[in-house]
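Engineer: Here it is: the structure, laid out below.
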Amino acid sequence: MNVAEAVGTVLASLGVRAAFGVVGSGNFHVTNALTEQGVRYVAARHEGGAATMADAYSRMSGTVAVLSVHQGPGLTNALTGVTEAAKSRTPLLVLAAEATSPRSNFRIDQAALAAAVGAHGARVGSAETVVDDTVMAYLAALLGRRTVLLNLPLDVQAEELPDDVVHAVQELRAGRGSRRQEAAGLVPPPWGLTFPGVQESSAEEPIVSGSQGGGPGVSGAVAELAGLLAAAERPVFVAGRGARGSRKELEALGERVGALFATSAVAKGHFHGSPWDLDVSGGFASPLAAELIGAADLVVGWGCSFTMWTTRHGTLIGPDTKVVQVEIDPDAIGVNRPVDLGVVGDVRETARTVGALLAPAEPGEAPTGYRGPELAGRIAREVRWRDVPYEDLSGDGRIDPRTLSIELDDLLPEERVVSIDSGNFMGYPTMFMSVPDGSGFCFTQAFQSVGLGLATAIGAALARPDRLPVAALGDGGLLMSVGELETVVRLGIPMVVVVYDDQGYGAEVHHFGPDGFPLDTVRFPPVDIAAIARGFGCEAVAVRERADLADVAEWLKGPRDKPLVVHAQVTADKGAWWLEEAFRGH
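Using the UniProt record's numbering, read the sequence shown as starting at 1 and increasing by one per residue.
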């Protein structure tokens with residue numbers, strides 16, 4: 001057994017289920033080793049797409065996914081997707097062949113590339129250390145919830161393992177090694193479902209941050225949070241991606257204190273179905289949601305980093321509002337805005353602990369806080385964007401993107417997983433299309449790169465085959481990544497790909513156009529996207545008005561044996577209203 005074979009065997013033994021990539025000579029053997037051990041390998045048409053598929057698969061499956069790439073250009077091709085994953089703290093393990101000869105045209109400083117984009121760098125050093133090196137890289141991804149680049153030098157990959165190392169690999173493959181690690185507490189359940197509990201700290205090592213940095217121990221911080229909740233008259237909980245798997249505990253705590261619920265964009269759907277759900281906070285918040293969040297006297301972010309998008313550049317949170325951040329990563333507390341109290345700990349366990357500290361409710365006692373029958377009625381009538389009146393601008397062969405999104409929301413089955421690309425259009429599916437829960441929305445937007453949406457939808461679809469995958473793309477993003485349509489067809493994914501076509505890079509058109517700048521560089525002639533889709537083997541429909549969506553309804557009746565591309569020619573006279581706020585950060 002050589003090193004490449006050992007890496008694949010060890011990762012399969014640790015529970016890796018899926019790997020994505022483009023195979024070259026440098027990663028041929030390690031990729032084959034993964035598949036031989038039962039790991040599903042998904043071949044993409046470009047390493048950038050493979051990286052984003054792996055990112056989305058990890059997000060939606062709650063497991064560590066693997067990306068396998070060739071040395072040099074294989075890694076550089078993947079770099080945008082790897083950057084998105086690193087910025088999102090996705091547990092992703094990148095296996096990159098590495099050319100170490102100074103005369104190799106493939107040689108680059110791959111460790112420096114990892115550091116430059118925020119990924120953790122590691123390397124398999126030798127046949128003697130391959131098991132330890134691979135296990136430590138995997139655990140860094142899993143327990144650290146981060147993207148790890150594991151470099152596999154070409155000469156090291158070919159080394160034969162000593163007998164004792166072969167025996168260690170065989171133990172892992174037989175399950176004995178993994179059981180020992182599990183007994184030692186080294187291999188927890190999937191990262192998205194269970195994290196370590198609330199941490200205690202010593203006086204020498206405070207791990208709770210306030211707005212000034214530092215603070216009391218965690219136990220004191222939890223008690224302080226309980227006190228703030230007990231005193232609050234208008235509390236709002238904002239759940240982020242770090243709150244995944246904690247809905248039951250947060251809803252129970254919210255019931256005790258009368259809190260309303262909102263989410264960051266990446267966690268959309270977390271409280272879907274609750275009568276107190278305000279949906280997404282920030283630039284995508286509906287007028288009622290913005291009003292209620294802005295009037296809160298206490299906002300608690302649960303696994304939420306309070307970025308400028310979630311807070312509308314800080315304007316959504318009132319100047320006198322107390323802000324609390326509960327986060328498992330101490331370095332994330334207070335990074336994007338000052339907080340009055342920071343608690344380092346698992347969201348679910350913290351919510352349980354805080355609930356236990358609150359005085360028990362008396363039998364029949366109505367919850368205090370924000371809730372009441374009048375407000376419940378307003379939320380039911382007004383909180384959804386589709387319930388906010390608007391002037392339908394459809395006409396002249398183009399459909400209003402709001403109308404398109406609402407109609408699709410009604411047509412598509414509720415059990416869906418919606419993936420969004422970046423661009424001027426992105427707010428429409430985000431705000432007007434619902435998802436059944438926090439596992440129904442995949443939003444790879446930490447790096448704000450156009451062109452990731454189709455690959456995101458592929459990764460999400462493979463992680464959640466029980467749901468209809470929906471990709472929402474702009475024309476620019478679709479054409480950047482169009483080769484992956486072949487991947488959708490080849491894999492037999494019954495996906496709906498919705499293309500909001502405004503014949504240009506709409507964000508730039510609407511950002512620079514009002515100032516009179518020429519727009520020739522960001523506008524393009526019409527493209528028959530439906531014809532292109534059919535060329536890849538998809539079914540396709542052109543949508544210019546509401547009536548054209550009848551063809552989508554027909555496809556949904558079955559057999560859905562080909563993916564469907566919906567080429568929607570949308571109105572483009574006005575920029576998205578949320579975009580004006582977004583550009584304040586540029």
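C-beta atoms are modelled at their ideal positions from N, C-alpha and C, and glycine is treated no differently.
From a predicted model like this one, the values you see are computed outputs, not experimental measurements.
Which residue comes first and which comes last in the alpha helix (DSSP H) that contains Ala550?
Structural biologist: 550–556
Engineer: Give a yes or no on whether the minimum CB-CB distance between Val417 and chain C is below 8 Å.
Structural biologist: Among the protein chains of the structure shown there is no chain C, as only one such chain exists.
Engineer: For the beta strand (DSSP E) that Trp309 lies in, which residues bound it at each end?
Structural biologist: From DSSP, Trp309 is part of no beta strand (DSSP E) but of the alpha helix (DSSP H) over 308–311.
Engineer: What's the gap between the Cα of Glu128 and the Cα of Ser58?
Structural biologist: 30 Å
Engineer: Express the C-alpha separation of Asp501 and Phe441 in angstroms, rounding to a whole number.
Structural biologist: Inter-residue distance for Phe441 and Asp501 is about 22 Å (C-alpha atoms, whole angstroms).
Engineer: Can you look up Gly8 in the DSSP assignment and give me helix, strand or coil?
Structural biologist: helix
Engineer: What are the boundary residues of the beta strand (DSSP E) that includes Asn151?
Structural biologist: 147–153
Engineer: Which same chain residues end up closer than 8 Å to Asp133 when comparing Cβ atoms and leaving out the 5 residues on each side of it in sequence?
Structural biologist: Ala122, Arg123, Val124, Gly125, Leu150
Engineer: Where Ser211 and Thr307 are concerned, what is the direct C-alpha to C-alpha distance, given to the nearest angstrom?
Structural biologist: Caution is warranted here: a pLDDT of 33 is assigned to Ser211, below 50, making its placement in the model unreliable, and the coordinate value is therefore given only provisionally. Between Ser211 and Thr307, the C-alpha separation is close to 15 Å.
Engineer: Around the Cβ of Asn424, are there at least 16 other Cβ atoms within 10 angstroms (buried) or fewer (exposed)?
Structural biologist: buried
Engineer: Given that a residue counts as buried once 16 or more other Cβ atoms are within 10 Å of its Cβ, and exposed if not, what is Thr456?
Structural biologist: buried
Engineer: Measuring alpha carbon to alpha carbon, tell me which residue in Gln71, Leu34, Ala140 is nearest Ala12.
Structural biologist: Leu34
Engineer: Spatial neighbours of Thr311 within its chain, please: C-beta separation below 7 Å, excluding the five flanking residues on both sides.
Structural biologist: Gly282, Ile317, Arg337
Engineer: Given a cut-off of 8 Å, decide if Val324 and Val300 are closer than it, judged by their beta-carbon atoms.
Structural biologist: yes
Engineer: Please determine, among Gly118, Leu161, Asp387, Arg146, the residue with the shortest C-alpha to C-alpha distance to Asn2.
Structural biologist: Leu161
Engineer: For Ser61, which residues in the same chain have their Cβ closer than 6 Å to its Cβ, ignoring the five residues on either side in sequence?
Structural biologist: Ala463
Engineer: Between the beta-carbon of Gly314 and the beta-carbon of Ala239, is there less than 8 Å?
Structural biologist: Contact: no.
Engineer: How do the region 547–561 and the region 378–387 stand: do at least 3 beta-carbon pairs fall below 8 Å, yes or no?
Structural biologist: no
Engineer: Look up Gln448 in the DSSP assignment and say whether it is helix, strand or coil.
Structural biologist: coil
Engineer: Taking only the alpha-carbon atoms, compute the straight-line gap between Val10 and Ala18 and give it to the nearest angstrom.
Structural biologist: 14 Å
Engineer: Should Leu260 and Val280 be called a contact, given that it needs their Cβ atoms to be closer than 8 Å?
Structural biologist: no
Engineer: What are the boundary residues of the alpha helix (DSSP H) that Asp340 is part of?
Structural biologist: Here Asp340 belongs to no alpha helix (DSSP H), and DSSP marks it neither H nor E.
Engineer: What does a CB cutoff of less than 8 Å around Gly477 pick up in its chain, not counting 5 residues either side in sequence?
Structural biologist: Asp421, Ser422, Gly423, Val450, Gly451, Leu452, Gly453, Leu454
Engineer: On the DSSP bridge list, what partners appear for Val238?
Structural biologist: Ala262, Gly301
Engineer: Along the alpha helix (DSSP H) that carries Pro401, what are the first and last residues, could you check?
Structural biologist: 401–411
Engineer: First and last residue of the beta strand (DSSP E) that includes Asp501?
Structural biologist: 496–501
Engineer: My understanding is that residue 591 touches Val497, with C-beta atoms under 8 Å, so please give their C-beta distance in whole angstroms.
Structural biologist: A question about residue 591 goes unanswered here, because the residues of the chain that appear run from 1 up to 586.
Engineer: Determine the direct distance from the alpha carbon of Thr90 to that of Met426, and round the result to whole angstroms.
Structural biologist: Each residue's Cα considered, the two are about 22 Å apart.
Engineer: Where Gly74 and His46 are concerned, what is the direct C-alpha to C-alpha distance, given to the nearest angstrom?
Structural biologist: 9 Å
Engineer: Assign Ala461 to one of three DSSP states: helix, strand, or coil.
Structural biologist: helix
Engineer: Please work out which residues of its chain come closer than 8 Å, Cβ to Cβ, to Gly185, disregarding the five sequence neighbours upstream and downstream, and give them in chain order.
Structural biologist: Low confidence applies here, because Gly185 scores a pLDDT of 45, under 50, leaving its location unreliable and the question unanswered by this model.
Engineer: Roughly how far, in whole angstroms, is the beta-carbon of Ala268 from the beta-carbon of Val435, given that I think they are within contact range, below 8 Å?
Structural biologist: What sits at residue 268 in the sequence shown is Lys, not Ala. About 6 Å separates the beta carbon of Lys268 from that of Val435, a gap short enough to meet the 8 Å contact definition.
Engineer: Using DSSP with H/G/I as helix, E/B as strand and the rest coil, what is Ile108?
Structural biologist: coil
Engineer: At the level of alpha carbons, what is the spacing between Leu95 and Asp297?
Structural biologist: Going from the Cα of Leu95 to the Cα of Asp297 covers about 47 Å.
Engineer: If I'm right that Gly48 touches Gly81 with Cβ under 8 Å, what's the distance once you round it to whole angstroms?
Structural biologist: 5 Å
Engineer: What is the DSSP secondary structure of residue 617, counted as helix, strand or coil?
Structural biologist: The chain is shown only over 1 to 586; residue 617 falls outside these bounds and no answer can be derived.
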